[in-house]
Amino acid sequence: MTAPSAPRRPGADALARIGHPVPAVDPADASPHTFPDGGTWRTEIPSVEGPEALAVVLKESARLDVPVHRISQGSGVWMLTDVEITEMVDSCAERDIELCLFTGPRGTWDIGGSTRTDSGGAGLRARGHDALAGCVEDAVRATGLGVKCLLVADEGVLWSLHRLRAAGALPADTTFKLSALTGPVNPASYEVYERLGADSLNVPSDLSPAHLTEIRRVSRAPMDMYVEAPDDLGGYVRMYEVAELIRRGAPLYVKFGLSKATGIYPYGAHVRDHALATARERVRRGRLALDLLARHGAEGGMSPLGARLPGELRRFAVPEGD
């Protein structure tokens, strides 16, 4: 790991030459937290939907020299065969990259009509016992095949999986990542998800730097954030803020999404060419963001490749008898 560095503000030197004032950086805004290895940021390539897309990402990341800590998939464990999961596990293990797969049924793919109303209804939550049980089934299957990180979009599923982890029904080193589709938007909700068992939490990409500072005053749980968000999450492009987002939000997973791209969930061969092209471009977006960090003098502080654990986090007590 290179030592964390104090970022310069974009354009500061040039603006100073013409007497244009540059806002001062307030040290009190900076996050006091790091990953257990001392790093302040890690990288994630999302929406890698199968072995073929993974191969594209690995090849492109080597070509463009983009370090990758985590690969995540959005369609779900149920959309992959055992052979495909095993191939992805092995490919990521060879590069010492964490693989994260999405668990089970979600409200948006269910028969419940409320998710299609203007209000969005219950959103991505697991509707009823069977949906909850489907997520648990996915978790047991995936971890049995060597997957160590699971994406979760429901607080009941999260709490159930955390209890199973505490009881030894899931491996103790399994980590749970809260989906961007249900990410918390205030410090209190962020803390609740941490206590329910989340090991890293996606936050919406429209949170301000001040919001990140507020969250960091109550929780050190790793944060995940799209510096470029898919259109269904707002399509925000915040690459020029990446140094400040790390300074305020550390420990932070910097996620390289892609706006102006058709959605690919649930993935199948009918969208193969689009999925592979967008996987390749996500890596390129990562290279652009890393170049920005370097130009702003803020490239220091990246966790060592292969680092994946979040460190000690606060949890609600698991009831006796679980």
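Residue numbering for the sequence shown is 31 to 352, as defined by the working numbering.
All residues carry an ideal CB built from backbone N, CA and C; glycine is no exception.
Owing to the predicted nature of the structure, the values given are computational and were not obtained by experimental measurement.
Compare the Cα-Cα distances from MET269 to each of ASP262, VAL257, ARG277 and LEU191 and report the closest residue. Per the Cα distances, VAL257.
Less than 7 Å between the C-beta atoms of PRO57 and ASP229, yes or no? Pairing PRO57 with ASP229 gives a Cβ-Cβ distance that is not under 7 Å.
How would you call LEU288, buried or exposed, if buried means at least 16 neighbouring beta carbons within 10 angstroms? The residue is buried, with at least 16 neighbouring Cβ atoms inside 10 Å.
What do you reckon, are the CB atoms on MET253 and LEU226 nearer than 7 Å? At the C-beta level, MET253 and LEU226 stay beyond 7 Å of one another.
How many Å lie between LEU263 and ALA196 at the Cα? A straight-line Cα-Cα distance of about 32 Å links LEU263 and ALA196.
Sequence-distant residues of its chain with Cβ nearer than 6 Å to SER121 (five each side left out): Within the same chain, LEU84 come within 6 Å of SER121 by CB-CB distance, once the 5 residues on both sides are set aside.
Ordered along the chain, which non-local residues of its own chain (more than five positions away) have a Cβ less than 6 Å from that of VAL96? Taken in chain order, the residues that qualify are VAL313, GLY316 and ARG317.
Assuming GLU74 and VAL284 make a contact with CB atoms under 8 Å, what is their CB distance in whole Å? With a Cβ gap of about 7 Å, GLU74 and VAL284 count as contacting.
Looking at the unbroken beta strand (DSSP E) that takes in VAL78, where does it start and where does it end? Careful: VAL78 lies outside any beta strand (DSSP E) and carries neither H nor E.
In terms of DSSP beta bridges, what is VAL267 paired with? Looking at the DSSP assignment, VAL267 forms a beta bridge with GLU258.
Using a Cβ-Cβ cutoff of less than 6 Å, which residues in the same chain neighbour SER249 once the five nearest sequence positions on both sides are dropped? Only TYR220, GLU221 and GLU224 meet the Cβ criterion.
Could you name the residues of the same chain whose beta carbon sits closer than 8 Å to that of LEU200, not counting the 5 residues immediately before and after it, in chain order? Closer than 8 Å at the Cβ level, and outside the excluded window around LEU200, lie ALA169, VAL170, THR173, LEU191 and LEU194.
Looking at the structure shown, is LEU343 part of a helix, part of a strand, or coil, going by DSSP? Of the three classes helix, strand and coil, the one that applies to LEU343 here is coil, per DSSP.
Pick from GLU342, VAL348, GLU350 and GLY336 that is closest to GLU128, judged by C-alpha positions: Distance from the Cα of GLU128 is smallest, within the candidate group GLU342, VAL348, GLU350 and GLY336, for GLY336.
Can you name the start and end residues of the beta strand (DSSP E) that ILE403 belongs to? With the chain running from 31 to 352 in the structure shown, residue 403 is simply not present.
What is the DSSP secondary structure of SER91, counted as helix, strand or coil? Helix.
For ALA251, count neighbouring Cβ atoms within 10 angstroms of its own Cβ and tell me buried if that reaches 16, exposed if not. Burial check for ALA251: the Cβ neighbour count within 10 Å reaches 16 or more, so the residue is buried.
For a quick check, are the C-beta atoms of THR133 and LEU180 less than 7 Å apart? Their beta carbons are under 7 Å apart, which means THR133 touches LEU180 by this criterion.
DSSP beta-bridge partners of SER230: Its beta-bridge partners are LYS207.
Rounded to a whole number of angstroms, what is the C-alpha to C-alpha distance between ARG277 and ILE141? Near 43 Å, if we compare the C-alpha coordinates of ILE141 and ARG277.
If you check the beta carbons only, do GLY213 and PRO234 fall under 7 Å apart? Closer than 7 Å, so yes.
Can you tell me which of the three DSSP states ARG125 falls into? If DSSP states are grouped into helix, strand and coil, ARG125 belongs with the helices.
ALA291 versus ALA299, GLY279 and GLU311, residue with shortest Cα-Cα distance: Per the Cα distances, GLU311.
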